[in-house]
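*Asks:*
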Amino acid sequence: LSSIEHMDYAVKAGSTREAEIAADYAAGKITYQQAFHQWRESFDAKAAMAAYRRMAARGVAITPTLGVERTLAYLDRDDHSHDPYLALIGPGRRATDDGRSQRAAKADASAIADRHALYEKSATLLPMLRDAGVMIMAGTDAGVLNSYDYPGLALHEELELFVAHGLTPLQALQASVVNGPDFLGHADRYGAVAPGKAADLILIDRDPLKDVTATRAIEGVLLHGQWLDRQALDAMLAGARARARAAAPRP
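All residue numbers for the sequence shown refer to our numbering, where the first residue is 3 and numbers rise by one.
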């Protein structure tokens, strides 16, 4: 096992009844939701740290995907119908997002409370994983099945959640810029500004080591040797919005 995707599995790893609950789920005795409820209820910090240290010793990394987990956990209360980034999304993806929101709204109070509690517990484990020496990577899971998890924007949000839940801005940035390439075996080409490295760069107008939200303040991008200034980037966004409007069904 080289990596774990999604922070809720870090909750599972810290359960003192992990194997027993997994067996009940595999046998169909309990639902997926009930399994995670029981894993969360039987979570033990000492057992969790032992598991995380074993992960670190074996070189197992984790991609927390806090952003999508938070979004899905709170679909019952957060209104995404006016998200600016919806204008960049085609009708098929928007239909998927709407469907998931409607299903979440129909969940009973117990299921909603479990979703909230699982996210809140998951997020608290980030410093524990760091302190255990586990490599943390910034990923978003921004696929078609995850509602309101917008490609591009989701990475900025993920870094901000890392900082909100205990990492320093430097550690959050390293999770994306350094750890990802290192895990994928491309540290020789990515992860630093140095001779021989790929010159794919973003220029921002504030210091992200002081405020990680500065990663959103992009003045320009150098990609594959082509410089794209703010005007060019805005034109690309305008083109994406136009294509999304053109693809939408006419009333």
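Cβ coordinates follow ideal geometry from the N, Cα and C atoms, glycine included.
Under 7 Å Cβ to Cβ from residue 224, same chain only, skipping five residues before and after it: list those, please.
*Replies:* 201, 202 and 203, listed in sequence order.
*Asks:* Leaving aside the five residues before and after residue 152 along the sequence, list all residues of the same chain whose C-beta is less than 8 Å from its C-beta, in chain order.
*Replies:* 85, 87, 90, 91 and 144
*Asks:* At the level of alpha carbons, what is the spacing between residue 62 and residue 212?
*Replies:* 29 Å
*Asks:* Is residue 230 helix, strand or coil when you go by DSSP?
*Replies:* The three-state secondary structure of residue 230, taken from DSSP, is strand.
*Asks:* In whole angstroms, give me the CA-to-CA distance for residue 139 and residue 50.
*Replies:* Taking C-alpha positions only, residue 139 is separated from residue 50 by approximately 19 Å.
*Asks:* By DSSP, does residue 91 sit in helix, in strand, or in coil?
*Replies:* Coil, per DSSP.
*Asks:* Since residue 63 is in the beta strand (DSSP E), which residue starts that stretch and which ends it?
*Replies:* 63–65
*Asks:* Taking the alpha-carbon of residue 242 as reference, which of 154, 68 and 6 has the nearest alpha-carbon?
*Replies:* 154
*Asks:* Is there contact here, the region 153–167 with the region 111–119, by at least three beta-carbon pairs under 8 Å?
*Replies:* Output reads no: the region 111–119 does not touch the region 153–167.
*Asks:* Tell me whether the region 179–191 and the region 215–233 touch, counting them as touching only if at least three CB pairs, one residue from each stretch, are closer than 8 Å.
*Replies:* No, they do not touch.
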